[in-house]
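Report on the following structure.
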Amino acid sequence: MDFTYDDEQVALRDAVRGLAGKAYSDFEQRRRTVADDPGWDEDQWRRMAEMGLLGLPFAEEDGGVGAGPVEIGIVCQELGRVIAPEPYLTSVVLAGGLVSAVGTPEQRGEVLGALSTGERVLAFAHDEPGTRWTSTASEVTAAVDGDTWTLSGTKEPVLHGARADLLVVSAALPDGGTGLFLVEGDAAQRSGYRTLDGGRAARVLLDGTAAAPLGTPGQDVTASIATVRDITRVMAANQALGAMQTALAATTSYLTSRKQFGVTLNTFQALTFRAADMYVSQELTQSIVDWATMVVAKGDPAEVATAAQRAALQVSRAGRHVGQEAIQLHGGIAMTAEYSVGSYTAHLTALDHLLGDGGHVLRELAEDVLDHGALEPLD
Amino acid sequence: MDFTYDDEQVALRDAVRGLAGKAYSDFEQRRRTVADDPGWDEDQWRRMAEMGLLGLPFAEEDGGVGAGPVEIGIVCQELGRVIAPEPYLTSVVLAGGLVSAVGTPEQRGEVLGALSTGERVLAFAHDEPGTRWTSTASEVTAAVDGDTWTLSGTKEPVLHGARADLLVVSAALPDGGTGLFLVEGDAAQRSGYRTLDGGRAARVLLDGTAAAPLGTPGQDVTASIATVRDITRVMAANQALGAMQTALAATTSYLTSRKQFGVTLNTFQALTFRAADMYVSQELTQSIVDWATMVVAKGDPAEVATAAQRAALQVSRAGRHVGQEAIQLHGGIAMTAEYSVGSYTAHLTALDHLLGDGGHVLRELAEDVLDHGALEPLD
Amino acid sequence: MQLELSAEDQEFREKVRTFFTTEVPEEIREAVREGRELTKEQFVESMQVLNAAGLAVPNWPTEWGGQDWTELQRHIWHEELQAASVPLPLAFNATMIGPVIAHFGTDEQKRKFLPPTANLDIWWSQGFSEPDAGSDLASLRTTAVRDGDGWVVNGQKTWTTLGQYGDWIFTLVRTDPDVKKQAGISMLLIDMTTPGVEVRPIELIDGGHEVNEVWFEDVRVPGENLVGDLNGGWTIAKFLLGNERVGVAPVGQVKGALARAKEKGAAVLADDPLLRARVAELENELLALELTALRVVARSADGAPHPASSVLKLKGSELQQAVSELTLDLAGSGALVFGAQEGSGLEEWAQRAAPTYLNFRKASIYGGSNEVQRQIIAKTILGL
Amino acid sequence: MQLELSAEDQEFREKVRTFFTTEVPEEIREAVREGRELTKEQFVESMQVLNAAGLAVPNWPTEWGGQDWTELQRHIWHEELQAASVPLPLAFNATMIGPVIAHFGTDEQKRKFLPPTANLDIWWSQGFSEPDAGSDLASLRTTAVRDGDGWVVNGQKTWTTLGQYGDWIFTLVRTDPDVKKQAGISMLLIDMTTPGVEVRPIELIDGGHEVNEVWFEDVRVPGENLVGDLNGGWTIAKFLLGNERVGVAPVGQVKGALARAKEKGAAVLADDPLLRARVAELENELLALELTALRVVARSADGAPHPASSVLKLKGSELQQAVSELTLDLAGSGALVFGAQEGSGLEEWAQRAAPTYLNFRKASIYGGSNEVQRQIIAKTILGL
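Protein chains in written order, with my numbering: chain A, 24 to 402; chain B, 24 to 402; chain C, 735 to 1118; chain D, 735 to 1118.
Structural data, given as structure tokens:
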């Protein structure tokens, strides 16, 4: 049992921290970047590709690096620390993860190769208006005529869907179950807009749109979608952890420098105690995020599912606590878009609502609560 | 709309405050009183009878005073302020209330007359091991042979059941529904013990025990039991409010007098802010308790049921908050039986668990939450 | 103690309710209901409709358009405004500078300013906070230096809500730098078209532009624009902030928001007992808050704000935030969409959930932060 | 990063687990599981069984019965003790005075005290807190005045846990009243049978008697009973309190209590989604706490307590209280019954719910209150 990084992992962390920090440790730079479409920096994406980050999760034979969940978690944490706007989580971890899990060897080689080099950006078109964080599709349906598959229906919100070169689309299959398809970005009717954390999302309309089945045509891949969503959830938790750490650091720094009534704010015990509670939340979160990341590394899908729920619940509670308190302890300045902390809170809120918020997973966990005795994290 | 007492109500409050304070404003006196059976002071009970308090809720033709819910609430608040151990709530409001609601004119006159003069103490034997705050009986069953009714089964816990001269017992009727019966105290097999707040309760075993039907024999009176429980819940909320007020006052007084690190505790902002939050809880509670008391005065049973749930939820949340914080802000001294605050917390805990705790009523309220729009307290 | 409104108060309520729901344009009320940003014209039109009926500034002296109502009637008026989704009369005019001028102003100031203030012909802005004087208002640095009969003002104000619409601004300025900080402050009224006044927008985290910085560079202000005594500004500020705290709990608004969340999220709620419990808990807390507001109203009969009004501000802002958080969660992943977007097909309420949630983080900061309220409760009420 | 225990640690865990569940009498472990009050004899028997196998004081130097384990192994030992409901080795002996004597004591003190301390032949009590020196320990007033080679002690200690069983008491006393308060304190070991020592019980709100006042009236103490340097007591106190904070989170105990609550309250839980959600939330927080304890263990390899151990104390006590509150609520009206009552037919767990709930209010007060822990986090970790 070991909760520390090895030397290579430390080196990776330092490298990513350097790259991400150079781009966005000046918050004004992030603000300028998210102001214009696509909401992130194509040059930075290229640099991430060059560093090997975009291919990190994928097998070497698919054009990737073949690194493990701990390494992906490190990248996500570091991106979270500067709330980097690049679509690493949704394009690489989520959409790429689905191609890696379900695609044929040819599809994997072609799509993941282009993803790893930064040549093509992917998006996962899955959520549908009226559904609530499921692993299945219902409104978007697939039809087949001979070997030709077409998709119809609306997907929304699709994170980074307007910019994506290639969409991974889930659809209800003719014979039941949910399948995955590849659709060229410009083959769909897309309208993009801002998300709450300065990112981008889109409405994607499919209307008899030609689509290539991902993997075996007609196969129900609900379980694969669920697992890749679970893994993404754990990586989103890593990203949230990084964001929390920066939000708390900004808060303590503000408390020791900002004066009110002739003294710095850290003179007020009520405020310092609340900062201490934020630290408690952050430390507990780090523990469960590290643990969940290691559970992903072990690889059992059922264990991953539970670990993802548990990480999501803790991150949701802590993210709201830290995000809300960071604003409150700063006061008015944190309400402004110019200052960083409000954007960190917004990003934590967005991550929480991406794949199922705290209340949603609590409900799932509560249903099974009588099925086990004491939790044993090391067994 | 008026949230203030009229002159007579103020006079009643002052009289009860005087009587209760004389007995128990010295906390050591309460401690001595609860140490020995029956856990309260028979002389004080007599003085309460003399002041007319024991007959307050009952019609004049039944030997009572015919006062309204606001007056009963005043008495309960004042008893709560000194956590007087006398069984006003369970004997007068609850058991007496049932006799008043269900009894025949003869029964009302006889039983309520003796209750009002302090001659006979009543208890309501209703809870059964394994049930959870219902208005029905199931384990204790009633049998009838000709005109003779007998009861069998176990009631527990029965508040003040060992001392009671007369038991009002609920039982499952032969033809369905729940009936109420009068059983002489010494006709049942009783074993008494302490409750968590220094009060008394008992296990009551009935084994073919002769019983007199209260009111019309064989009649299902579940609805009456529910309503009297609801009214009692509102009066318990009044009692809890009084206890909270004293607990907060003791806390602020301690904070301004106790020194640590060479200064009084109110120098520590984190502590004073928490006391402020206790005040917020207390004020919100007073509002909802006053309101629920006035809803009882209006008299519609469905409205009373909702008001009782709402008061119980608020009182549960606030009682735990105030009770727990009162101990924490005092520190170690509040853990001792000699000091008052721990006993206030214990009493608040007992009141919360008497007729259905906060979580229990929240669940009931949550079930109906889609059945109404915005709540309008004045409509 | 009794719960029912008197026949007179019931009639009063019926009267204002009917007026609000029939005389104020539905389009404006719908915008309020949906949480949309109002245009300046909508604010003005709504307030003028109210003012024409004597319903805009009831708390003013009757000779200047006020009403001889009881505290309870004012409360009913305030709640019914919110229940009907009528924009509240602009606070800067109706509850801040209006009462100040009526109380401290010269006769000339009253004649000149009060009628257009009640009718929103003048849009007032508030110039109190400064970058280094937030909760510690008295440490403000904007200076006014004597220049003949008038003043020359230099400095910077911030958090000036809706300052982009402002015609005039009432400011606290330092007129004597050599005395205890509270003792050297005066209140000046400044025409915002005066040369040297500059308004700069501040973008907030909800993407909106509701607050501003206001800069003063050698701004000349006539001597007649001093309100009250020279160096008497702190007294006026306390008077004004005291008024501000009355009726601060946005009970009606939060009630409406919660009822609406239930309606919009009914399908989700029907399926989830934990979310239903959150609603039930919030409804109960809101009920307690509303009843507390009624109790405070009853006890404020002498006109002075009851100290428990800090409870209203504190709890009111917490509930406002909690309801916005619930709405966010009801919206699910739809909450990612930020603001009413042309490109999105999701329902408007879901699209507004996130900006509203972020915007209401301010509720516990502005208008006396919740820390300030706790301080008031601890000191004033509990004697700590 | 990896989750699995090494083969060696797995074997270690298996070994201690087997020992605890087979060698420590079931009757004692059942009493712990049920939350009953243990007799003195049960404490002693259990610790002697452990000590005979070298499992009572692993954190001591190996020459005095300690074990050369890794921090992780100590953690496993501690968790397995709790998982098996074995009474923890008496803290006053095993984690307080034992390490102090081993570190600061003379060779003679070590030989005289350490073996009987490890074997609980001497039952130690702690004489630190005083009525006016709680969180502010250094302001203690009990005095020791030189008298020939020895000392005469006068004063009062309080909150002396299980002092009714004490043979000896280690005390902090003021030996120099004329210097800064921390600089005039020494540690003395006092035989509790010495004339002038009086132990008076304090009844707690759970009806139990686990703490005491200890009075000293002209108590003569031999000079050889001074531990460490004269006026060096504050250093020892900090050393001791630092040890105390390690492993303070009663993870195993709380886990057991929560699992047991689920088992006993299964019928109620099956019927109530809100209570199930409370359980699920607590399980998750407890998981996070346990994992944090593991992380802190890993980082404490140099022997110094990691500052994050304040997180363990703070969150551990909160969860201990929350689980006791959940159990109380599961018990319904049965929670009214106070303590195991002969006259009651309700299940034992329900009868113990209320006293346990009330007793655990102490968890956030004793051993460095949660306010002190927040202070440590704010100052030491966050630099505030």
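Where is the CB? At the ideal position from N, CA and C, for every residue including glycine. This structure is a prediction, so every number in the text was calculated from the model and none was measured.
How far does the beta strand (DSSP E) with Gln212/B in it reach, from first residue to last?
The residue labelled residue 212/B in the question sits at position 189 within the second sequence. Unbroken beta strand (DSSP E) run through Gln212/B: Gln212 to Arg217.
Apart from the five residues just before and just after Phe746/C, which ones in its own chain have a Cβ nearer than 7 Å to its Cβ?
Your numbering for residue 746/C matches position 12 in the third sequence. So the list reads Gln807 and Ile810, once near-sequence residues are dropped.
DSSP on Ala1035/C, reduced to helix/strand/coil?
Residue mapping note: residue 1035/C aligns to position 301 of the third sequence, counting from 1. With a pLDDT of 49 at Ala1035/C, under the threshold of 50, the modelled position of this residue cannot be trusted, and the question is left open.
Determine the chain D residues that contact Ser214/B at a beta-carbon separation under 7 Å, and present them in chain order.
Residue 214/B sits at position 191 when you count from the first residue of the second sequence. Here the neighbours are Gly1077.
Just the chain C side, please: which residues come within less than 7 Å of Glu306/B by C-beta, in chain order?
In the second sequence, residue 306/B corresponds to position 283, counting from 1. Listed by position along chain C, the residues whose Cβ is nearer than 7 Å to that of Glu306/B are Thr1026, Ala1042 and Val1045.
For Asp85/A, which residues from the same chain have a beta carbon less than 6 Å from its beta carbon, with the 5 sequence-adjacent residues on both sides left out?
Stepping through the first sequence from its first residue, residue 85/A is reached at position 62. Excluding positions up to five away in sequence, the list reads Arg131, Gly132 and Leu135.
Counting only Cβ pairs nearer than 7 Å, list the residues of chain B close to Ala293/A.
Counting from one through the first sequence, the residue named residue 293/A turns up at place 270. For the C-beta of Ala293/A, the chain B residues within less than 7 Å are, from N- to C-terminus, Gln292, Ala293 and Phe296.
By a C-beta neighbour count over all protein chains shown, 10 Å radius and 16 as the cutoff for buried, is Ser1103/D buried or exposed?
The count along the fourth sequence starts at 1 and reaches residue 1103/D at position 369. Counting Cβ neighbours within 10 Å, Ser1103/D comes out buried, since at least 16 surround it.
Any beta carbon from chain E within less than 9 Å of Gln987/C's own beta carbon?
The question asks about chain E, but that chain is absent: this structure's protein chains are A, B, C and D.
List the residues that DSSP assigns as beta-bridge partners of Ile936/C.
Sequence index remark: in the third sequence, residue 936/C carries index 202 (1-based). Val945/C.
What three-state label does DSSP hand Ile254/B in the structure shown?
Numbered from 1 along the second sequence, position 231 holds the residue referred to as residue 254/B. For Ile254/B, the secondary structure class from DSSP, reduced to helix, strand or coil, is helix.
Given that Asn289/A touches chain D, what residues does it touch there, using C-beta distances under 7 Å?
Locating residue 289/A in the first sequence gives position 266, counting from the first residue. Result: Leu1118.
Is the CB of Ala1035/D under 9 Å away from at least one CB in chain C?
One-based indexing of the fourth sequence puts residue 1035/D at position 301. With a pLDDT of only 49 at Ala1035/D, under 50, the local geometry of the prediction cannot be trusted, and no value is derived from it.
Return yes when the C-beta of Thr275/B is under 8 Å from any heavy atom of the ligand MN, and no when it is not.
Questions concerning the ligand MN fall outside what the structure shown contains, since it holds no ligand whatsoever.
State yes or no: is the beta carbon of Ser1103/C nearer than 9 Å to at least one beta carbon in chain B?
Working through the third sequence from its first residue, we reach residue 1103/C at position 369. Taking a beta-carbon distance threshold of 9 Å, Ser1103/C does not count as an interface residue toward chain B.
Tell me the DSSP secondary structure of Leu875/C in three-state form.
The sequence position of residue 875/C within the third sequence is 141, counting from 1. In the sequence on display, residue 875/C carries Arg and not Leu. If DSSP states are grouped into helix, strand and coil, Arg875/C belongs with coil.
For Arg1012/C, collect the residues of the same chain with a Cβ closer than 7 Å to its Cβ; drop the 5 residues on either side in sequence, then sort them by chain order.
For the purposes of this step, residue 1012/C is taken as the residue at position 278 of the third sequence. The residues are Leu1060.
Nearest to Gly1079/C by alpha carbon, out of Phe81/A, Ala160/A and Asp150/A?
Locating residue 1079/C in the third sequence gives position 345, where the first residue counts as 1. Selected option, being the one with the closest Cα: Asp150/A.
What is the DSSP secondary structure of Asp952/D, counted as helix, strand or coil?
On the fourth sequence, position 218 is the one that residue 952/D refers to. Residue state for Asp952/D is assigned as strand, using DSSP reduced to three classes.
Outcome for Ala325/B when other beta-carbon atoms lying within 10 angstroms are tallied against a minimum of 16:
The residue labelled residue 325/B in the question sits at position 302 within the second sequence. Counting C-beta atoms within 10 angstroms of its own C-beta, Ala325/B has fewer than 16 neighbours from the protein chains shown and is therefore classed as exposed.
Say whether chain A places a C-beta atom closer than 9 Å to the C-beta of Gln782/D.
Here the question's residue 782/D lines up with position 48 in the fourth sequence. Closer than 9 Å: no.
Look up Glu207/A in the DSSP assignment and give the residues it is bridged to.
Position 184 of the first sequence, counting from 1, holds the residue named residue 207/A. According to DSSP, which records beta bridges pairwise, Glu207/A is partnered with Leu189/A.
According to DSSP, is Gln332/A helix, strand or coil?
Within the first sequence, the letter at position 309 stands for residue 332/A. Gln332/A: helix per DSSP, three-state reduction.
Could you give the distance in angstroms between the alpha-carbon of Glu760/D and the alpha-carbon of Glu779/D?
Working through the fourth sequence from its first residue, we reach residue 760/D at position 26. Working through the fourth sequence from its first residue, we reach residue 779/D at position 45. A straight-line Cα-Cα distance of about 12 Å links Glu760/D and Glu779/D.
Ignoring anything shorter than 4 residues, give me the alpha helix (DSSP H) runs that lie fully in the segment 114-140 of chain A, in order along the chain.
If we require 4 residues or more, the alpha helix (DSSP H) runs fully inside the segment 114-140 of chain A come out as 120-125 and 136-139.
Is Ser366/B close to chain D? Criterion is C-beta to C-beta, closer than 9 Å.
Reading the second sequence from its first residue, position 343 is the one you call residue 366/B. Yes, its Cβ sits closer than 9 Å to a Cβ of chain D.
State the start and end residues of the unbroken alpha helix (DSSP H) segment that holds Val303/A.
One-based indexing of the first sequence puts residue 303/A at position 280. If you look at Val303/A, you'll find it in the alpha helix (DSSP H) that goes Gln292 to Lys321.
Tell me the DSSP secondary structure of Asp230/A in three-state form.
Reading the first sequence from its first residue, position 207 is the one you call residue 230/A. Asp230/A falls in the strand class under three-state DSSP.
So which residues of chain C does Asp380/A contact, with C-beta pairs closer than 7 Å?
To locate residue 380/A, count along the first sequence from 1; it is residue 357. Close partners of Asp380/A in chain C (Cβ separation under 7 Å): Asp1063.
For Leu1008/C, go through chain D and note every residue whose CB falls closer than 8 Å to its CB, in chain order.
On the third sequence, position 274 is the one that residue 1008/C refers to. Chain D residues near Leu1008/C: Pro1007, Leu1008 and Ala1011.
Can you confirm whether the segment 366-383 of chain B touches the segment 992-1010 of chain C when touching is taken to mean that 3 or more C-beta pairs between the two stretches lie within less than 8 Å?
No, because fewer than three Cβ pairs between the segment 992-1010 of chain C and the segment 366-383 of chain B fall closer than 8 Å, the two stretches do not touch.
Taking a cut of 9 Å between CB atoms, which residues from the segment 828-861 of chain D lie near chain A?
Per Cβ criterion, the list is empty.
Whole alpha helix (DSSP H) elements within the segment 62-115 of chain B, 4-residue minimum:
Counting only runs of 4 or more, we get 65-73 and 92-104.
Going along chain B, which residues have a C-beta under 8 Å from Ser1098/D?
The residue labelled residue 1098/D in the question sits at position 364 within the fourth sequence. The answer, in chain order, is Gln351.
Less than 9 Å between CB atoms is the rule here; does Pro110/B satisfy it with respect to chain D?
Counted from its first residue, the second sequence places residue 110/B at position 87. Using a Cβ-Cβ cut-off of 9 Å, Pro110/B does not count as an interface residue toward chain D, since no Cβ of chain D sits closer than that to its own.
Would you call Ala335/A buried or exposed, if buried means 16 or more other Cβ atoms sit within 10 Å of its Cβ?
Locating residue 335/A in the first sequence gives position 312, where the first residue counts as 1. Per the 10 Å Cβ criterion, buried.
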